[in-house]
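Presented below is the structure to which this report refers.
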Amino acid sequence: MTDGIAVTADGEVFRGRSVGAGGIAVGEAVFNTSMSGYQEIFSDPSYAGQVVVMTAPHIGNYGTNPDDDQARRPFAAGIGMRSMSRRHSNWRATASLGEYLAHHGLVAISDLDTRRLTRHIRDRGAQPIAMGSEVTEAEVRAAASAAPPMEGRALAMTVSVDEPYVRPAEGSARGRVVAVDLGLKRDILTNLTRLGYDVHVQPATVSAEEILALDPTGVFLSNGPGDPEPLEGPIEAVRGVLGKVPLFGICLGHQVLGLALGGSTFKLPFGHHGGNHPVRRLADGRVEITAQNHGFAVDPWSFGDGNAPAPDESAAPWEVPLPAELATRFGLARPTHQNLNDGTLEGLACLDIPAFGVQYHPEAAPGPRDARGLFDTFAGLMDGTA
Amino acid sequence: MPRRDDLSSILLIGSGPIIIGQACEFDYSGTQAAKVLRSQGYRVVLVNSNPATIMTDPEFADATYIEPITADVIESIIAKERPDAVLPTLGGQTALNVTMELAERGAFERYGVELIGAGIDAIRRAEDRGLFKETMEAVGLAVPRARYARSLPDAMTAAEEIGYPVMIRPSFILGGKGTGVAIDEEEFRAKAGHGLAMSPIREILVEESVVGWKEFELEVMRDRADNAVIVCSIENLDAMGVHTGDSITVAPIMTLTDREYQEMRDDAITCLRAIGVETGGSNVQFAVDPRTGRRIVIEMNPRVSRSSALASKATGFPIAKIAALLAVGFTLDEIPNDITGKTPASFEPALDYVVVKVPRFDFSKFPSASGRLGTSMQSVGEAMAIGRTFPEALQKALRSLETGRKGLNADPVEEVYTSLSDAALRDALGVPTSSRIYHVAEALRRGFGVEEVADLTAYDPWFVEEIAAIVDLRRRLEAATPSEGGGEDLPGIVRDAKRMGFSDAQLGYLWGCSPDAVLALRRTHGITVTYKTVDTCAAEFAATTPYMYSTYEDESEVPPADIPRVVVLGSGPNRIGQGIEFDYCCVHASFALRDAGYETVMVNCNPETVSTDYDTSDRLYFEPLTVEDVLAIVDAEQPVAVIVQLGGQTPLNLAHHLQERGVPIAGTSPASIEAAEDREQFSALCRRLGIRQPAHGIATSATEAEEVVDRIGLPVLVRPSFVLGGRAMRVVFSFEDLQEYLHEMYHAPGEDGLDLAAAPLLIDRFLESATEVDIDAVFDGTELLVGGIMEHVEEAGIHSGDSACITPPPTLSSSAHDAIVAATTDIARELEVRGLINMQYAVKGDEVYLLEANPRGSRTVPFISKATGIPLAKIATRVMMGATLGDLRAEGVLTSRPITLTAVKEAVLPWSRFPDEDIILGPEMRATGEVMGIAATAGTAYAKALLGAGMEIPAAGNVFFSVADRDKQVGLAAAQALHHLGFRLVTTEGTARFLAHFGVPSTTVPKLGEGPGDTLEHIEGGEIHMVVNTPRGRRARSDGRLIRTAAQQRGIPCITTIAGALATARSLQMGRDELTAVRSLQDWLA
Ligand SMILES: Nc1ncnc2c1ncn2[C@@H]1O[C@H](COP(=O)(O)OP(=O)(O)O)[C@@H](O)[C@H]1O
Ligand SMILES: Nc1ncnc2c1ncn2[C@@H]1O[C@H](COP(=O)(O)OP(=O)(O)O)[C@@H](O)[C@H]1O
Ligand SMILES: [Mg+2]
Ligand SMILES: [Mg+2]
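These protein sequence lines map, in sequence, to chains W and C.
Numbering-wise (my numbering), the first sequence opens with residue 2 and increments by one.
Numbering-wise (my numbering), the second sequence opens with residue -8 and increments by one.
Below you can see the structure in the form of structure tokens.
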């Protein structure tokens, strides 16, 4: 047990003890408010380049198991927590979290005042943080201030698979989905194969021609890390397939879709990372509790010659209307989902071509599964029944 | 979907008296609902028989009916008020049951009333266990295998089919009454028989037992648009087999992976949809096999529950308030989250802390109870604590319980455990009891392995390991004793200890120094408390509501304030003798202070209460009520005054410690409080003032005790001046009784002789056949405001909390009345009371004796306030802060109005939870709650109170009548009255002869064991419909006791005092019309 220290780019110091690998980890500081699912979070490629602070105090309680990993290895740059469990207990566990962190060389600090850190990020906005053990405060401080901001970083290209691979459908296949891996989570794959699709996973560098050459029933754009704007390759590829095959994007995939449609994205003050975000389905007014993990969002007012109305400070965020229609490069689209905490756009659907995306995670893992039906929607689009 | 405008008036049904399994949480829920419905512009009509509730304060509803919660009464309220809708889901099982009854008799259709919240089909599907199982299986959820049985033989077959062990559940019962797990046929026979008797329809469900599985609960809310959210997840430390109400529970769930949690979440929502709970909160309970993860649904409550109160306090999400809004048409996304103000209620709270709830038991009051916990709830209250980690929250919760513990062992009481043999300790780990958690810590301290402890207790190993962390730290603390040098990293260890919830008292115990010395040491090292906010969102959004808990972290979040603050200390966990009444007073104090321009700061640790609602006071500290914890809050808040008078004994016990440390105490000084509690000081004061007390003395040896008794004469009331646990008060009629008592109380095993020195025996002359009178008053330094005078129905000797009382007093002579007021004024002046004082007197003929003076708010303050319309607690609070009664009159806070009503308070006792208990009343309080009956005459008011208390007095039939010799004279009147009412009296020979002498006929049966057809056989044969039996002595297996217990177990009303019998007989003369004539409190007090 050695001392651990974390310093934010703006110089705030947090002390705890190291419970993971040695060395210094640097990344954008984000907090995640999920109360369970740490393994899924640490292994979610969307956390590449980020140091995740878990607001739930006890981490490691139920150990780790091979089934819950969302990718081949953890992608988070570092972990901050309040209390690392001394023992784990669960019938599915095969290793403790400590063993997992050590095995993967992940830097993690426990015993932090994670609430103070969370409030700091909330009040001062997302910013880099560095953490480490057996290092001096000066070293950590220097690492934090040298860290680049998240804006402009095309991290998806670095986490994507190098080689394509196929995950066959469960049972007999009803079609073929080409999934562009921008940082794909395993549970997304599982949801697609469970519905009867062979999934051809392609690296982020895949072109429209290569996708179409696979004769897909549908194209899926995955979640992933970093800023969507510099992802020129994927955006181009999407433009090349839009209108030709049904397309569904989740999270970063949704942002890439938004950009391909001619909109723009912006960075949220501290992002959405948790499993309790209320999202209104605009079609029927129903609210889904969703899993979220993103720092950027599609600006609904950026399409066509749309202009954002002057913000109405008196209105509650969940009452601020979104534009009724989005004029995109591929015809009209419509906002389909809205975040009720801050009014941001959570989903859009094209009206003239078969394409839609959501900002949140219908596959959950971790988080509530209220929105799983979206995979059926995608299937319907591919079947031509939706 | 916005507010429903087609409704304008809504009837809210409360939950009645506090009983085991149904406590203050329904005052919290009813109050929230009434408040929010009125703020939405609805006319709120409310019925509840419990006067100690905030919800029944006249300002919380448009029409408040303090009436019995029976179908007849509610139907007449409906007929009178013609509400558009009834909201039945906020008043616990009581409200649901009466709603079902009303529905069955067609009352809602008759008056065109709509049920909102949950419809009758949904209630039925959830409440009928068989239907529930069918419904669950239909949507693919697993349930334990089970079958109904309506007779013992049938039940035995069912148990064979299912296979032992099996769980037994009587149909239509409350809070697990009569349920149990039987491991074999023999145990089954007994428990199934009892279960059949407990069920009003003589039916039990025989169910597959899953004892030892993990137990979980989810609190779900659903709205009209079918949006559903999980407000809170709860994991029980005690496995299946211990009722959740008796389990230590933890929020959020700790030992499930996200995948298992989400599956459970989906199941819970599926369950709500299948049951058809349209809107509102429900809780769903699950059992999970720790070896395989197999999950089954145990039950769901289609209403707000005790767990909802816990969940609301644990998360800051006001379930009852939101349930009420959903019931009138809103959807979750239309309701703002009060705590953030900027986000909607359609979300799931995220916790960045851990909540632990620990139940509190009062077994010492019920000698027949084994102390073993099971599937029927026995706890009388609970404490909740919030910490950043489980160990911290657990230790805080344990010291919040006020059972003399400073945390998880490491305190003087731990000797009980350290002195056990390993074998005894191992045995104790296998039995669920209220002290098992301490055995666990002791076992770990001795080096038992975590796995072994987990196996023996069926606690999840994760929890045991976290407890082991506490024990390890204790070892480090012991190795770092400051007086022995302290070791290298003393500050680090102390910081770790505080972060694990150790109290300064525990550190002081381990180090052999005072808690003050520990505090001083901490201060030199800068290890001081920080406060964090309960904000529903793990700090994702800024919170506007200061709902705080203490922990030891880097940053404290106490918001600055510029208005002067007053701290109100609450009453902690409910226990017998200190319940909701005190919470009522504290809440009133807070309201009064806010009105008077102060910022109010509430400190309490009872999750069931209105006081721990985040919007009751300006600031809420959910903290243990100990000197250390309160001082830290005072340090942080710098209040101008601290109110200790209203939370019962809890804050009173802290008063002088606080004052010694410079804390400003409002009102009556701690020195005066002590003067009233110290027998010698107080006797001297009474002598000085010429106030008569019963003759008394103190004995420090057995001989001295005999001398005192010789001097003052028999009978006497005896009690040790100090005992841990119960109070052990007893009436002694002979020297033999005295010897027996002394041996019981003072005989230490393995020692000769009796040692009274440590706790001298207090001896009072027992006043026989005296009328007890209670008075509640406020004194401002010059003037005494008499809140009310209550005459007890049962004679002195029955604890004031257990006896019925009447105000205005029906038989008190005016000279006795004047003597009481004069004595109360003198005492109040002498003690320099500022605020409330409660005095108890015994009146015998013309003589008035003072029994005791309590310079504080009493149990009867809310009752009196309801009966008179005088807001006593509010007035007292203002007086404490310096106002005079004259000032308050000028302000219009104190008004006087003529009293046109008679009010009766009746106590409610938990006998059905303790089926082997002798149900006689005595000087030791055992009631859990009370009801109020209001009418123009005492007879009707008493009858209403009886009805409200759930006494189902038959209108005709056979009464077994048997009274002690000393009761015969008065008993005669009761017998005559019953005879005239047409009851057939059944007696044994002596009584029969006595009655015959006065011309009252009766049927004679043999004494117990003296032939066929004795009383017990008649009772068991269902031929007796009511029992009047007054105790003759204290022999454990006396005939009387067997008869009373038999009656109790069969649900036959049993009256154990002559006064009670008389009053009952009188009330029986009341017709049904009189009992169902209803009148609102607003109307009575207009
Ligand atoms: N099939 C069972 N086997 C073992 N224990 C059970 C079983 N069902 C319930 N219990 C235990 O009994 C307690 C009470 O049962 P429950 O169904 O929740 O009734 P209620 O809460 O209405 O009293 C539960 O908290 C649980 O610990
Ligand atoms: N001298 C006495 N004679 C008869 N009854 C008494 C006497 N003293 C106390 N009692 C009875 O015992 C009850 C409890 O005694 P009290 O001194 O009021 O204790 P507590 O602090 O529990 O209220 C009283 O309510 C009264 O009924
Ligand atoms: Mg239950
Ligand atoms: Mg008393």
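Note that CB positions come from ideal geometry on N, CA and C, so glycine has one too.
Can you tell me whether residue i is buried or exposed? The criterion is at least 16 other CB atoms within 10 Å of its CB, across all chains shown.
i                 : result
Ile174 (chain C)  : exposed
Tyr166 (chain W)  : exposed
Thr521 (chain C)  : buried
Phe267 (chain W)  : exposed
Pro615 (chain C)  : buried
Ser412 (chain C)  : exposed
Leu1003 (chain C) : According to the sequence as given, residue 1003 (chain C) is Pro; it is not Leu. Burial call: exposed.
Any beta carbon from chain W within less than 8 Å of residue i's own beta carbon?
i                 : result
Pro564 (chain C)  : no
Cys528 (chain C)  : yes
Gly284 (chain C)  : yes
Met245 (chain C)  : yes
Lys312 (chain C)  : no
Tyr344 (chain C)  : yes
Gln386 (chain C)  : no
Arg1035 (chain C) : no
Leu323 (chain C)  : yes
Ala894 (chain C)  : no
Trp204 (chain C)  : no
Val211 (chain C)  : no
Arg363 (chain C)  : no
Phe308 (chain C)  : no
Ser238 (chain C)  : no
State yes or no: is the C-beta of residue i within less than 8 Å of the C-beta of residue j?
i                 : j                 : result
Val895 (chain C)  : Ala932 (chain C)  : yes
Val134 (chain C)  : Ile159 (chain C)  : no
Ile780 (chain C)  : Ile811 (chain C)  : yes
Leu341 (chain W)  : Ser190 (chain C)  : no
Thr1006 (chain C) : Ile1034 (chain C) : yes
Arg117 (chain W)  : Arg379 (chain C)  : no
His234 (chain C)  : Gln1040 (chain C) : no
Ala86 (chain C)   : Gly12 (chain C)   : no
Arg18 (chain W)   : Thr3 (chain W)    : yes
Met383 (chain W)  : Gly176 (chain W)  : yes
Would residue i count as contacting chain C if we go by Cβ distances under 8 Å?
i                : result
Leu341 (chain W) : yes
Arg125 (chain W) : no
Gly59 (chain W)  : Contrary to the premise, residue 59 (chain W) reads as His rather than Gly in this sequence. At least one chain C Cβ lies under 8 Å of His59 (chain W).
Gly12 (chain W)  : no
Tyr48 (chain W)  : no
Asn224 (chain W) : no
Asn277 (chain W) : yes
Met132 (chain W) : no
Below 6 Å from a heavy atom of ligand 3 - residues by beta-carbon: Selection output, chain order preserved: C:Thr235, C:Gln276, C:Glu290.
Using 8 Å as the cut-off, can you tell me whether the stretch 34 to 53 of chain C makes contact with the stretch 373 to 382 of chain W, which would need three or more C-beta pairs spanning the two stretches below that distance? No: fewer than three Cβ pairs fall under 8 Å.
On the three-pair Cβ rule with 8 Å, is the stretch 244 to 259 of chain C touching the stretch 33 to 53 of chain W? Touching, yes, given that three or more Cβ pairs across the two stretches are closer than 8 Å.
Between the stretch 243 to 261 of chain W and the stretch 312 to 325 of chain W, can you find at least three pairs of beta-carbon atoms closer than 8 Å? Because the criterion of three Cβ pairs below 8 Å is not met, the stretch 312 to 325 of chain W and the stretch 243 to 261 of chain W do not touch.
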